[in-house]
Amino acid sequence: MPVDLALSDDQQAVAELAATFFARESTIERIRAAARLGHDQRLWDALQQTGLVSMSLGEEVGGGGVGLLEAVLVAEQAGHHLAPVPLVEHIVAARLMERHRAALPADELAAVVSGDRIATLAIRPTVDGVARLVPAGAVADHVIVFDPDTGTLTLWSGTPSGRALANVADLPLADRTSAGSTVIELASGQQARAAFAAAVDEWRILTAAALVGLSAAALELGVEYVKRRHQFDVPIGSFQSVKHGLAEFPGRIAGARLLTQRAAWGVDGGVADNPDQTDPSRQAPMALLFAADLAIDVTYRTVHYHGGYGVMEEEDAQLYYRRAKGWPLLLASPDRELEHLASVVLGPKGGS
Amino acid sequence: MDFASSPETVAFRREVGEVLGEYLTDELWARVKQTGTLHDWNLHRAIADRGWLAAALPESLGGQGRDAEALSALFGELEQAGAPYDGVANSMTLAYILGQIGSDFHRQTVQSALLSGEATIALGYSEPESGSDVAAAATRARRDGDGWVINGQKVFTSVAEEARWVFLLTRTNPDVPKHRGLTFFIVPLDDPGVEIQAVHTLNGKRTNITFYDDVRVGDEWRVGEIDGGWNVMMVALSFERGIAGGWGGGLHLYEHAAAHARSGAVDADGRALIESTAYRAQLMRTLINNEVAELLAQRAAWVASSGALPGQEGAECKLFATEAYVAAARGLHDALGPSAVLQNGDADGPGAAVIEQAYRGAPLATTLGGTSEIQKNLISERGLGLPRPGRVG
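Protein sequences appear in the order of chains A and B.
Going by our numbering, the letters in the first sequence line up with residues 364 to 715, in that order.
Going by our numbering, the letters in the second sequence line up with residues 50 to 442, in that order.
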């Protein structure tokens with residue numbers, strides 16, 4: 364069979380379910396209301412009912428038994444609708460907990476599978492025992508951390524503060540420590556290192572998917588506005604500079620979507636023409652770097668084309684602009700991420 | 050969803066790679082460098098001998114009936130190798146057009162010679178006063194008894210210096226809207242009224258301006274209807290769209306730039322490029338964009354294979370891949386540092402030469418085959434539905 368880019372019927376159904384749910388539930392009003400904490404618990408509760416939270420976990424632990432590609436489809440819709448729920452982090456952490464379930468009490472894992480308890484991953488290693496700027500750190504009951512000094516992957520379980528560090532992207536960010544938490548070691552040594560790296564790659568892929576969705580929504584917003592807005596007696600979308608300023612994005616969005624989907628397909632075991640095309644250590648950073656660049660560009664362009672309205676808080680364009688910048692930066696600056704990719708592809712600097 | 054190419058494509062790609070490995074010799078590169086000609090007869094005939102010039106033709110017409118994915122792989126391999134393939138591309142385009150709408154005369158006299166590799170053909174579309182506005186062609190074909198007499202000029206008539214014929218877009222009717230008065234002819238380039246003048250482009254390649262001074266052809270050399278040239282153009286475009294080109298050049302550039310650093314090459318101040326943060330970062334940006342360009346090309350081929358015309362998909366791929374190539378050529382040239390300005394051939398390593406030439410060749414990518422601005426018009430108007438200029442929305 365040649366390359367086939369069509370989703371299966373089941374995958375199409377997942378994407379449509381997620382699109383319908385988030386379009387209905389993740390309204391601009393709820394997004395704005397949730398801005399300070401970055402989390403809407405009622406939205407999370409409703410999301411649990413759809414089965415989308417547990418979908419990409421194994422059937423033997425009560426999950427839906429599908430893969431990361433399905434999670435990518437859902438994450439794209441969550442990103443499209445700026446959903447104020449920690450879906451990406453929770454899926455990544457839950458999958459990591461499932462892979463180390465031998466170390467966990469069964470009821471604890473079950474609560475995470477269902478979404479009754481929120482789990483997250485500290486995507487950067489701890490420094491002196493502190494996990495800084497943890498995605499969903501303000502609302503997560505469980506935080507998985509990697510300590511580079513001890514070489515251990517550990518689960519901290521405790522009560523989240525419910526208070527987010529004020530941030531540009533309205534995220535439920537917080538610093539976390541093990542204080543007041545039960546501590547369970549999940550892995551050590553090379554296994555811990557590899558498991559952490561793989562989980563961060565999954566975070567990269569799902570975050571890239573969310574950025575693809577955000578980008579698509581931002582482009583739609585921009586296109587719709589320039590069709591509607593008249594100046595000099597014509598829609599500003601008829602001016603060539605405006606048209607051309609939007610024309611680069613459909614291709615970049617389609618490309619980002621395919622790169623992200625292929626990366627997830629590879630994690631799920633897909634085999635393409637060349638192993639490099641599905642190696643997550645290469646493809647995940649590529650997907651995140653590309654989607655981040657795209658999202659920052661398209662959201663800027665959309666804000667800009669909204670003219671003075673683009674910078675008003677009461678207008679929606681700036682919601683996308685702020686999130687596009689914050690989501691990917693939580694992991695690393697683009698320069699560091701590029702060097703991380705270079706280390707994978709070319710070997711580390713200072714090497715043989 | 051399946052990102053793996055079919056086994057047929059994988060096998061074909063391997064075969065093409067083997068032929069390129071055999072025929073892209075030092076002698077070929079020296080000849081290409083010296084003449085700038087985008088064609089090599091040994092390579093061309095090797096491709097023809099394997100029936101690949103007929104790759105796109107249905108088996109019922111004597112072709113190989115290969116799908117869009119395989120054709121995309123063929124051109125991807127040619128581009129990735131930096132091979133001089135304009136003769137191949139033109140021959141395949143005409144073989145396809147003549148297969149669709151050619152007469153028996155065309156097939157016997159022209160198509161068979163093209164497919165055997167015995168002869169090749171040039172494309173005469175652009176003129177000094179009409180590039181993007183291709184429908185404004187002014188080269189005039191007037192009735193002359195049963196035949197036609199042609200006067201005018203064409204520009205960017207690549208491989209005319211090696212071709213037997215030119216596929217010529219002419220104006221047969223100046224009294225109707227411009228795209229309704231066009232007619233295509235196949236014109237022999239050895240006609241005494243034809244003059245070919247070399248034009249050298251800044252990347253060391255050669256194309257031509259061709260002049261047509263009372264060139265006479267019989268009506269049997271007309272392709273398609275009188276004044277129906279625009280429809281013939283659409284047939285030509287339908288062949289190209291599933292093979293959204295322009296993405297293989299980035300692979301060529303990346304491969305050589307990466308190999309250059311891995312070989313231990315240093316910059317003008319003796320610093321190893323493999324340790325240069327800027328060089329590594331630029332390689333990675335190029336690599337990422339190459340992956341995306343290839344996926345967009347796969348998408349265009351996938352749409353074409355379903356029987357649809359990938360107009361948007363082809364435009365999006367071409368725009369992205371060629372603009373990314375310009376950025377990569379500039380970025381790698383910058384990252385190479387001061388020695389990038391040297392034109393030492395391979396003296397500093399083939400990778401440096403490739404980067405140096407890529408910078409000079411980059412502007413051709415975003416211009417030829419439909420400028421970025423034309424692609425953006427297509428995407429914004431037909432894709433995003435933004436209003437044409439002057440329309441009240």
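Using N, Cα and C, we set each Cβ at its ideal position, and we do this for glycine too.
From what residue to what residue does the beta strand (DSSP E) around residue i run?
{"i": "S551 of chain A", "result": "545-551"}
{"i": "G633 of chain A", "result": "Neither: G633 of chain A is in no beta strand (DSSP E) and is coded neither H nor E."}
{"i": "Q202 of chain B", "result": "196-204"}
{"i": "D533 of chain A", "result": "First-last for D533 of chain A: undefined, no H or E at that position."}
{"i": "R255 of chain B", "result": "255-266"}
{"i": "H444 of chain A", "result": "Where H444 of chain A is concerned, there is no enclosing beta strand (DSSP E), given that its DSSP letter is neither H nor E."}
{"i": "H249 of chain B", "result": "243-249"}
{"i": "W407 of chain A", "result": "Careful: W407 of chain A lies outside any beta strand (DSSP E), inside the alpha helix (DSSP H) at 404-413."}
{"i": "A494 of chain A", "result": "494-497"}
{"i": "R192 of chain B", "result": "189-193"}
{"i": "F233 of chain B", "result": "231-237"}
{"i": "S520 of chain A", "result": "515-520"}
Rounded to the nearest angstrom, what separates residue i and residue j at their Cα positions?
{"i": "A327 of chain B", "j": "E702 of chain A", "result": "9 Å"}
{"i": "S429 of chain B", "j": "A558 of chain A", "result": "44 Å"}
{"i": "L484 of chain A", "j": "E365 of chain B", "result": "36 Å"}
{"i": "G410 of chain B", "j": "G299 of chain B", "result": "12 Å"}
{"i": "K590 of chain A", "j": "D679 of chain A", "result": "17 Å"}
{"i": "Q406 of chain B", "j": "P387 of chain B", "result": "15 Å"}
{"i": "K633 of chain A", "j": "D642 of chain A", "result": "Lys is not the amino acid found at residue 633 of chain A; the sequence shown has Gly there. About 10 Å."}
{"i": "E289 of chain B", "j": "A610 of chain A", "result": "21 Å"}
{"i": "T489 of chain A", "j": "I481 of chain A", "result": "20 Å"}
{"i": "S706 of chain A", "j": "L569 of chain A", "result": "22 Å"}
{"i": "A627 of chain A", "j": "Q640 of chain A", "result": "11 Å"}
{"i": "P399 of chain B", "j": "V248 of chain B", "result": "26 Å"}
{"i": "V272 of chain B", "j": "A619 of chain A", "result": "42 Å"}
{"i": "D403 of chain A", "j": "A409 of chain A", "result": "10 Å"}
{"i": "V215 of chain B", "j": "F260 of chain B", "result": "12 Å"}
{"i": "V204 of chain B", "j": "L172 of chain B", "result": "10 Å"}
{"i": "H607 of chain A", "j": "V586 of chain A", "result": "11 Å"}
{"i": "T188 of chain B", "j": "G111 of chain B", "result": "34 Å"}
{"i": "G319 of chain B", "j": "A346 of chain B", "result": "39 Å"}
{"i": "Q603 of chain A", "j": "P691 of chain A", "result": "32 Å"}
{"i": "R539 of chain A", "j": "A562 of chain A", "result": "19 Å"}
{"i": "M141 of chain B", "j": "A373 of chain B", "result": "27 Å"}
{"i": "T545 of chain A", "j": "L420 of chain A", "result": "24 Å"}
{"i": "L238 of chain B", "j": "A382 of chain A", "result": "59 Å"}
{"i": "G151 of chain B", "j": "E67 of chain B", "result": "33 Å"}
{"i": "A306 of chain B", "j": "R329 of chain B", "result": "10 Å"}
{"i": "A695 of chain A", "j": "L704 of chain A", "result": "12 Å"}
{"i": "G478 of chain A", "j": "L432 of chain A", "result": "20 Å"}
{"i": "R191 of chain B", "j": "E210 of chain B", "result": "26 Å"}
{"i": "E57 of chain B", "j": "W351 of chain B", "result": "15 Å"}
List the endpoints of the continuous alpha helix (DSSP H) containing residue i.
{"i": "N222 of chain B", "result": "It is not in any alpha helix (DSSP H) - N222 of chain B carries neither H nor E in the DSSP assignment."}
{"i": "F52 of chain B", "result": "Where F52 of chain B is concerned, there is no enclosing alpha helix (DSSP H), given that its DSSP letter is neither H nor E."}
{"i": "P177 of chain B", "result": "Per DSSP, P177 of chain B belongs to no alpha helix (DSSP H) and is neither H nor E."}
{"i": "F385 of chain A", "result": "372-388"}
{"i": "W351 of chain B", "result": "326-354"}
{"i": "I391 of chain A", "result": "391-396"}
{"i": "H301 of chain B", "result": "297-311"}
{"i": "F653 of chain A", "result": "643-668"}
Could you give the C-beta distance for residue i and residue j, rounded to a whole number, given that I count them as a contact under 8 Å?
{"i": "G278 of chain B", "j": "F233 of chain B", "result": "5 Å"}
{"i": "V377 of chain A", "j": "V451 of chain A", "result": "Wrong, their Cβ atoms sit about 16 Å apart, outside the cutoff."}
{"i": "L518 of chain A", "j": "I507 of chain A", "result": "5 Å"}
{"i": "P436 of chain B", "j": "P598 of chain A", "result": "6 Å"}
Following a CB-centred definition, is residue i positioned closer than 7 Å to any heavy atom of the ligand PLP?
{"i": "G360 of chain B", "result": "With respect to small molecules bound, the structure shown includes none, and the ligand PLP cannot be examined in it."}
Practice item. Would you list, in sequence order, the uninterrupted beta strand (DSSP E) runs of no fewer than 3 residues that lie entirely inside the region 454-487 of chain A? Key: Taking only runs of at least 3 residues, the beta strand (DSSP E) segments lying wholly in the region 454-487 of chain A are 482-484.
Exercise for review: Spell out a yes or no on whether the region 195-212 of chain B and the region 71-81 of chain B are touching, meaning 3 or more CB-CB pairs, one atom from each, closer than 8 Å.
Suggested key: With a cut-off of 8 Å, the region 71-81 of chain B and the region 195-212 of chain B do not count as touching, because too few Cβ pairs lie within range.
Review point. Per the contact definition of three or more C-beta pairs closer than 8 Å, is the region 514-534 of chain A in contact with the region 563-579 of chain A?
Key: They do not touch, by the three-pair rule.
Check your understanding: So, do the region 223-240 of chain B and the region 266-277 of chain B have three or more beta carbon pairs nearer to each other than 8 Å?
Key -> These segments touch.
**Study point:** Uninterrupted beta strand (DSSP E) stretches inside the region 103-183 of chain B (no shorter than 3 residues)
**Key:** Qualifying beta strand (DSSP E) stretches, in chain order: 170-173.
Review point. Is the number of C-beta pairs between the region 459-469 of chain A and the region 655-670 of chain A that are closer than 8 Å three or more?
Key: Three or more Cβ pairs closer than 8 Å define a contact, and the region 459-469 of chain A falls short of that threshold against the region 655-670 of chain A.
Review point. Can we say the region 90-109 of chain B touches the region 159-168 of chain B, given the rule of at least three CB pairs closer than 8 Å?
Key: Contact between the region 90-109 of chain B and the region 159-168 of chain B is present, because at least three Cβ pairs lie under 8 Å.
Review point. Touching or not, the region 128-137 of chain B and the region 356-372 of chain B, by the rule of three or more beta carbon pairs under 8 Å?
Key: Not touching, per the Cβ criterion.
Point to revise | Continuous beta strand (DSSP E) assignments of at least 3 residues falling wholly in the region 54-90 of chain B | key: For the region 54-90 of chain B, there is no continuous beta strand (DSSP E) assignment of 3+ residues that stays within its boundaries.
Exercise for review: Count the CB pairs spanning the region 347-358 of chain B and the region 414-430 of chain B that are closer than 8 Å, and state whether there are at least three.
Suggested key: Contact fails: fewer than three Cβ-Cβ distances are below 8 Å.
Check your understanding: Within the chosen definition, does the region 112-119 of chain B reach the region 168-186 of chain B through at least 3 CB pairs nearer than 8 Å?
Key -> Output reads no: the region 168-186 of chain B does not touch the region 112-119 of chain B.
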